[in-house]
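Taking it in order: structure first as structure tokens, then the write-up.
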Amino acid sequence: MDLLNHLFLAFNVALEPMNILLCLLGCLVGTFVGVLPGLGPAAATSLLLPITYKLPPVSAIIMLGGIYYGTQYGGSTTSILINVPGEASSVVTCLDGYQMARKGRAGAALGIAAFGSFIAGTFGTFMLMLVGPPLAGLALKFGPPEFVGLVFLGLTLVTYLSSGSMAKALMMATLGLLLSYVGIDLVTGRERFTLGIPTIVTGFDIVPIVMGLFGVSEVLINIEGSSSRMSVFQTKIRGLLPTKKDWKDSSGALTRGTILGFLIGIIPGAGGLTASFISYAVEKKVARHPETFGTGDIRGVAGPESANNAAVQGAFIPMLTMGIPCNVVIAILIGALMIHGVPPGPRLMEDHPQLFWGVVGSMYIGNVMLLLLNLPLISMWVKLLKVPYSLLFPFIFLFCLIGAYTVGNNIQDVYIMIVFGILGYLMKKYGYEPAPLVLAFVLGPMFENAFRQSLILSKGNPMIFLSHPISAVFIVVSLFLLVFPLVLNFLRSQHGQAS
Amino acid sequence: MTNRDLFSSLVWIAFGVLFVVGALQQGLTRKGLPGPGFLPFLTAIIFISLSLVVFGNALRKRKGGREAEHKLTFFPEKDSWKKILLALLALFAYAFSLGYAGYVLTTFLFMTFILKLVEPRSRKTVFFIAAATVISTYLLFVVLLEVQLPRGIFEF
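Residue numbers (the numbering used here), protein chains in the order written: chain A, 9 to 507; chain B, 1142 to 1297.
Right under this line is the structure:
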């Protein structure tokens, strides 16, 4: 009965004309960004944050969420038609999707990608609805030591699963924490590390940081080379509705991809990219003829495309139930919540039920919108691939400048954004990932508060983190994950020397 | 990446040391409990240690000659640095002049410059795109979203 009441509330909020319009706008922008290689959901959500300042919090998250899951739909289009992933999470779709297009089956590949995404997205939303409330209830029982353990584990997983060097990822996470300490200390009221700059007395705002690291740096990296245009695979897209055989062939992959993707999405740091790769590996493993993968096997499209969509919905669970960001886009959404004066955390569902259920309702509607946008309107998105990038870059710059200014009507924030833009540009050049920095920056205040509260409770005894079972488990698992690669490296080097 | 790792890790170490000094000034303990500088100090020490790991790895690779630097140039093309420098100057100039010249004029000039910088275009096209951008963003942010943008000394 409770579930029915909640569903009623969900659709009551999501079906308000304003929210439907914003959901559609988010889905349109998401698909657009997904189709265009280079511009990711992190840059897109941060660029459109300023538009949400005057909106109610639920409407803001509905639109930004739409952008996020919309990108996962659009990403497969370019993977299939030009062999260039529109999104990182669609990389693996290139392998079989493009081969299907070469064999004249672009329509079937695009169709199964869209249907797979729809089924996975809807399943993910349904699970969010089922799992969310009990998980938030459990998180309400967490005290400060448990939160310290949880954040510590989250940060470890984020760095553990990053694509580059683990040491560098950990460095970026600690840098994010250091930046989060800038501003007034909440316990003593003293200013810390502000260098006398008035704008940062209350700490850095997340908007100039993400806009600089993801928006400005992306443009700087792109304008330094000559602009190049990609050629769309010249084929007539027909037969977008998968045949009975296509459904039969891909139903297993679709089911496995959906479940796997959802579970992987909940893990901090994992996200759509990991989910799609694992799904592809699983499909290859369970296939009777794995040699068909890479030659245009529909399972190689259905599995990963459903996995990356389910992962997006899964990532909303820790955000909406505990205030923990699983990836950088979710970190930006948490930032948006904070800008709107909604504190993220386990109380969100109790204090702002319209927000949680409204977002859930909008996800059902958004997935239907995206299916309609990505099937009948596919040729429109293909035409968009012809938009020259050189025309987009000045607009990204301008949106970053306006966005940074409007966050507090302050020019200093614009300077801060430019500095982070330069930092992001250099980080890309020097092989440092910005995502762990942003995640740690968002988690920093929660981590410090919980850490200091714990030590106040225990009168300075650090054993409090190990005497609480849940916190102890989180910390031990984190330490294991941190030490394990070192031990593995040591054993490998010993083995190498011996042989 | 070896030389870049050596250089970047040294910069990070210096940055970490600054945080350590700042944290010590804040005070590590207060009435037997962690003070405002405790967690920053601990984090900065971990940050420096990780920077040392990256530095050590890069040094080991260079000594072992394991990584031949594949003529890794910082900029992909000869003139890339000019584009980056001009783009950054334009961004700083925008931030500087926004308060004085106002949103409309600053944005128009900025867009004109950036559109020309990214790709050579005719003056007419650049003028048209810049003007359309100013009008559409003004309508979106100021009229529709009621965002306050600087009007400057010209009051527009």
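Here a beta-carbon is modelled for each residue, glycine too, at the ideal position from N, C-alpha and C. All values reported here derive from a predicted model rather than from experimental measurement.
Segment contact: the region 30-41 of chain A against the region 71-79 of chain A, three or more CB-CB distances shorter than 8 Å; contact assigned.
Residues of the region 58-76 of chain A whose Cβ lies closer than 8 Å to any Cβ of chain B, in chain order: P58, I59, Y61, K62. Here DSSP, grouped into helix, strand and coil, assigns G233(A) to coil. Chain-ordered, the chain A residues with CB closer than 7 Å to the CB of K1224(B) read I231, E232. Taking CB atoms only, G504(A) has no neighbour in chain B less than 8 Å away.
Scanning chain B for C-beta atoms nearer than 8 Å to the C-beta of F428(A) yields nothing, as the closest lies near 12 Å away.
I205(A) and V294(A) have their C-alpha atoms spaced approximately 59 Å apart.
Under the Cβ distance rule, T1214(B) does not count among the residues neighbouring chain A, no pair being separated by less than 8 Å. Under the Cβ criterion (8 Å, minimum of three pairs), the region 182-191 of chain A counts as touching the region 445-457 of chain A. From the beta-carbon of G468(A), the residues of chain B found nearer than 7 Å are G1173, L1174. Under a criterion of Cβ atoms nearer than 9 Å, the residues of chain A adjacent to F1282(B) are, in order, P58, I59, I410, T414. Using a Cβ distance threshold of 8 Å, G129(A) and G94(A) do not count as a contacting pair. Here the region 256-274 of chain A makes contact with the region 282-302 of chain A; the two share three or more CB pairs at distances below 8 Å. In the DSSP assignment, T1274(B) falls within the unbroken alpha helix (DSSP H) covering 1264-1279. Residue range 25-43 is occupied by the alpha helix (DSSP H) that includes T39(A). Between Q107(A) and G302(A), the gap from beta carbon to beta carbon is short of 8 Å. Between the beta-carbon of G112(A) and that of L248(A) there is about 13 Å, and that puts the pair past the 8 Å contact cut.
DSSP, reduced to helix, strand and coil, places P152(A) within a helical segment of the structure shown. Between the region 439-450 of chain A and the region 247-262 of chain A there are fewer than three C-beta pairs closer than 8 Å, too few to call the two in contact. Contact check between the region 1233-1249 of chain B and the region 1178-1189 of chain B: fewer than three CB pairs, one atom from each, fall below 8 Å, which does not count as touching.
Under the criterion of beta carbons closer than 8 Å, V367(A) and I70(A) qualify as touching, at roughly 6 Å. Counting only Cβ-Cβ distances below 7 Å, A1228(B) has contacts in chain A at L228, I231, in chain order. By the Cβ-count criterion, Q1167(B) is buried, with 16 or more other Cβ atoms from all chains shown falling within 10 Å of its own Cβ.
Counted as a single uninterrupted DSSP element, the alpha helix (DSSP H) harbouring S370(A) occupies residues 361-382.
Contact check between the region 139-157 of chain A and the region 473-488 of chain A: three or more CB pairs, one atom from each, fall below 8 Å, which counts as touching. Considered as a whole, the region 302-358 of chain A harbours 307-330, 336-347 as its complete alpha helix (DSSP H) runs of no fewer than 4 residues, in chain order. DSSP assignment within the region 172-235 of chain A yields no whole beta strand (DSSP E) run of 3 residues or more. The alpha carbon of Y1279(B) has as its nearest neighbour, out of L1250(B), V1245(B), P1261(B), the alpha carbon of V1245(B). The C-beta separation of G304(A) from D104(A) comes to about 6 Å, placing the pair in contact by the 8 Å criterion. Separation of the CB atoms of I88(A) and G1240(B) is rounded to 48 Å, and the pair is thereby denied contact status at 8 Å. Closest in C-alpha terms to L136(A), from the list S370(A), A261(A), V218(A), comes S370(A).
Restricting attention to alpha helix (DSSP H) runs no shorter than 4 residues, the region 1217-1269 of chain B encloses them at 1221-1259, ordered along the chain. Between L345(A) and P49(A), the gap from beta carbon to beta carbon reaches 8 Å or more.
For K252(A), the enclosing alpha helix (DSSP H) begins and ends at 252-274.
The straight-line gap separating the alpha-carbon atoms of R307(A) and S188(A) is approximately 44 Å. Within its own chain, the residues whose Cβ lies closer than 7 Å to the Cβ of D213(A), once the five positions on either side in sequence are excluded, are V415, G416, D421, listed in chain order.
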